[in-house]
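Novice:
In our numbering, the protein residues as written are 1 to 579.
1. Give the list of continuous alpha helix (DSSP H) stretches no shorter than 4 residues that lie fully inside the segment 120-174.
2. I need the DSSP call for residue 619, collapsed to helix, strand or coil.
3. If you run the structure through DSSP and keep just helix, strand and coil, what is residue 20?
4. Quick one: what's got a C-beta closer than 8 Å to residue 593's C-beta in the same chain, skipping five residues either side?
5. Give the DSSP bridge partners of residue 302, in chain order.
6. Give every residue of the same chain whose Cβ lies closer than 8 Å to the Cβ of residue 353, excluding the five residues on either side of it in the sequence, and list them in chain order.
7. First and last residue of the alpha helix (DSSP H) that includes residue 94?
8. Give the DSSP-derived three-state secondary structure of residue 488 in the structure shown.
9. Am I right that residue 272 and residue 286 are in contact with their C-beta atoms under 8 Å? What's the rounded C-beta distance?
10. With H, G and I counted as helix, E and B as strand and the rest as coil, what does DSSP make of residue 317?
11. For the 8 Å Cβ check, are there 3 or more pairs between the segment 381-397 and the segment 452-461?
12. Should residue 511 and residue 491 be called a contact, given that it needs their Cβ atoms to be closer than 8 Å?
13. From this set, 361, 284, 355, which residue's C-alpha is nearest residue 341's C-alpha?
14. Based on Cα-Cα distance, which residue from 101, 418, 522 lies nearest to residue 60?
15. Assign residue 355 to one of three DSSP states: helix, strand, or coil.
16. Assuming residue 530 is part of the beta strand (DSSP E), what are its boundary residues?
17. Using C-beta distances below 6 Å, list every residue in its chain close to residue 307, excluding the 5 sequence neighbours before and after it, in chain order.
18. From residue 25 to residue 40, what distance separates their C-alpha atoms?
19. For residue 294, name the three-state secondary structure that DSSP assigns.
20. Please classify residue 312: does DSSP put it in a helix, a strand, or coil?
21. Helix or strand or just coil, what does DSSP make of residue 520?
22. Return the chain-ordered ranges of every beta strand (DSSP E) run that is complete within the segment 437-513 and spans a minimum of 3 residues.
23. To the nearest angstrom, how far is it from the Cα of residue 561 to the Cα of residue 526?
24. Are the CB atoms of residue 566 and residue 530 nearer to each other than 8 Å?
25. Look at the alpha carbon of residue 586 and the alpha carbon of residue 76, and state the distance between them as a whole number of angstroms.
26. Near residue 168, which residues of its chain fall below 8 Å by C-beta distance, leaving aside the five closest residues on each side in sequence?
27. Determine the direct distance from the alpha carbon of residue 27 to that of residue 20, and round the result to whole angstroms.
28. Assign residue 282 to buried or exposed, taking buried as 16 or more other Cβ atoms, counted over all protein chains shown, within 10 Å of its Cβ.
29. What whole-angstrom Cβ distance do residue 494 and residue 435 have, given they're in contact under 8 Å?
30. DSSP beta-bridge partners for residue 347?
31. Which residue from 556, 357, 533, 423 puts its Cα closest to that of residue 496?
32. Within 10 angstroms of its Cβ, does residue 518 collect 16 or more other Cβ (buried), or is it exposed?
33. DSSP three-state call for residue 221: helix, strand or coil?
34. Determine, using beta carbons only, whether residue 302 and residue 264 come nearer to each other than 8 Å.
35. With DSSP as the reference, identify every bridge partner of residue 208, one or two as the case may be.
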């Protein structure tokens with residue numbers, strides 16, 4: 001009876017000795033946690049103020065840079081009377097006042113800076129008044145008076161006053177920045193020191209507790225080793241470990257393969273093969289939501305897959321209904337899913353969920369007796385999670401590829417894709433000895449249409465024309481939005497005559513577009529186009545585009561609603577009566 005007494009009393013004595021130390025560790029961790037939380041909170045706040053100071057300095061620098069640009073533009077205009085130089089002045093003037101307003105908003109908590117801003121605003125207003133007078137004099141031909149205003153000594157005093165104010169603001173803000181940076185460093189150091197001291201104390205106490213536990217454990221093992229060791233249990237443990245090891249290696253390999261899959265089909269096939277290798281006597285399906293989200297389609301089966309539905313509604317699966325794993329047993333109380341075989345003994349329906357979106361369901365069933373072990377269930381769950389993440393990543397990659405190559409408004413290819421495709425197609429046509437034609441089309445008077453009906457009306461017109469252009473394109477054609485209201489159509493293998501016919505057909509189709517916004521018709525539009533052919537009109541894709549673009553501008557000059565060919569002065573299409 002002595003060994004029995006020792007084994008029952010030893011854990012109690014060990015527990016009584018360890019409890020105080022764990023209480024001490026808990027108290028230290030709590031104290032350190034509170035201190036770290038406080039320091040980090042203050043650190044974040046101080047960091048925010050540092051960022052605020054940088055925002056003020058950046059806004060101040062940007063405002064002064066724009067002021068200098070505006071002043072340079074004003075003096076350049078007075079010196080040359082070139083209206084082109086007025087564009088930076090007229091652009092920078094509202095931006096400077098916007099910058100002043102932004103500075104006023106940023107320094108709302110600083111009365112001193114607010115006073116500086118009010119002074120700066122007044123000085124700038126006076127300087128811009130003088131600059132406007134000089135520009136007005138120069139515009140009316142009174143250049144001498146304008147020059148007098150430019151070289152006026154008072155102007156230099158005004159500019160120096162503006163620079164002095166901005167310098168005072170910068171000095172004051174940098175002083176605040178230095179204080180805030182010092183505060184950030186202080187709280188960061190405090191957090192580090194508190195964390196280090198707390199962790200060192202906890203490690204020391206836990207080391208002592210570990211030594212104490214280890215000493216007591218050794219004494220207990222000596223008394224219990226003959227009572228609790230059996231060959232049968234050891235063999236069972238080893239078998240289970242081997243099974244876990246095989247499953248872990250298989251899961252690791254599956255994860256590596258899923259990361260390198262190029263499409264959904266590969267990912268589903270690889271997952272199905274791994275599942276059938278781990279569980280040879282099971283069958284099932286992998287189903288994915290349709291794009292319309294109104295049903296599940298089964299692109300991949302496992303095992304025989306016999307009896308499993310190849311497509312079903314989401315509400316036919318209890319796993320998808322509940323948003324978690326559904327375990328069905330013929331002898332249990334869980335309901336039977338309609339997409340499972342009627343004779344199935346046990347099955348799991350795993351919803352595939354990643355990044356908050358349900359992608360589909362993986363279903364596994366068996367006819368064997370005894371069902372699945374907890375280890376097998378966990379393995380299946382891990383595989384489902386890996387597959388879900390892989391499918392979500394593949395879907396995201398496909399979305400990003402689409403967004404990088406497509407224009408979001410019209411759905412056509414964008415300018416980036418046009419450049420790559422044109423270089424590729426011209427090289428291909430050159431190898432084959434065939435022509436390639438390009439149509440550059442532009443909606444006539446689009447700016448007037450946009451001004452009349454607003455941006456929503458303009459967007460509706462562009463979207464509708466994009467659909468029309470896509471419908472007019474052949475399978476091998478490439479329809480792109482070239483920029484703004486200009487569109488491009490690449491016609492591989494098409495001679496200039498074919499391009500002429502296609503462009504005129506498109507021009508006529510545009511006249512029948514009925515654009516509506518909120519149910520109201522927006523009126524009819526016309527189209528002008530220029531066409532060019534490779535290699536007749538250029539030895540590269542860029543040259544052909546340039547030739548077609550020049551032909552388009554000639555069509556615009558010649559009255560619109562027409563198609564013109566590169567290198568020719570006359571229009572191909574007869575101008576419509578409306579044009």
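Every residue, glycine too, gets a C-beta built ideally from N, C-alpha and C. All of these numbers come straight from a predicted model, not from anything done at the bench.
Specialist: According to the data block:
1. Whole alpha helix (DSSP H) segments, 4+ residues: 143-151.
2. Here the chain has residues from 1 to 579 only, and residue 619 is not among them.
3. Here residue 20 sits in helix by DSSP.
4. The shown model of the chain, from 1 to 579, leaves out residue 593, and the question about it has no answer.
5. Residue 302 is bridged to 284.
6. Cβ neighbours of residue 353 beyond the five flanking positions: 323, 359, 388.
7. Per DSSP, residue 94 belongs to the alpha helix (DSSP H) from 86-106.
8. DSSP places residue 488 within a strand segment (E or B) once states are collapsed to three.
9. That belief holds up - the Cβ atoms of residue 272 and residue 286 are roughly 6 Å apart, short of 8 Å.
10. Of the three classes helix, strand and coil, the one that applies to residue 317 here is coil, per DSSP.
11. Below 8 Å, too few C-beta pairs join the segment 381-397 and the segment 452-461 to call them touching: fewer than three.
12. The Cβ atoms of residue 511 and residue 491 lie no closer than 8 Å to each other.
13. Considering only alpha carbons, the answer is 284.
14. Comparing Cα-Cα distances from residue 60 to each of 101, 418, 522, the minimum goes to 101.
15. In the three-state reduction of the DSSP assignment, residue 355 falls in the coil class.
16. Run containing residue 530: 527-534, per the beta strand (DSSP E) assignment.
17. Apart from sequence neighbours up to five positions away, the residues of its chain that approach residue 307 with a beta-carbon distance below 6 Å are 341, ordered along the chain.
18. Going by the C-alpha atoms only, they are around 22 Å apart.
19. Coil at residue 294, not helix or strand.
20. The three-state reading of DSSP puts residue 312 in strand, counting E and B together.
21. Assigned with DSSP and collapsed to three states, residue 520 falls in strand.
22. The segment 437-513 is shown to contain whole beta strand (DSSP E) runs of 3 or more residues at 478-483, 486-492, in chain order.
23. Taking the straight line joining both Cα atoms gives about 6 Å.
24. It is a contact, given that the beta carbons lie within the stated cut-off.
25. Past the boundaries of the shown model lies residue 586; the chain is included only from 1 to 579, so the question cannot be answered.
26. If we look at residue 168 and ignore the five residues flanking it on each side, its Cβ neighbours are 116.
27. Going by the C-alpha atoms only, they are around 10 Å apart.
28. Buried, by the Cβ-count rule.
29. Confirmed, Cβ separation roughly 7 Å.
30. In the DSSP assignment, residue 347 is bridged to 328, 365.
31. Comparing Cα positions, the closest option is 533.
32. Residue 518 comes out exposed.
33. Residue 221 falls in the helix class under three-state DSSP.
34. With contacts defined as CB atoms closer than 8 Å, residue 302 and residue 264 fail to qualify as a contacting pair.
35. Beta-bridge pairing links residue 208 to no other residue.
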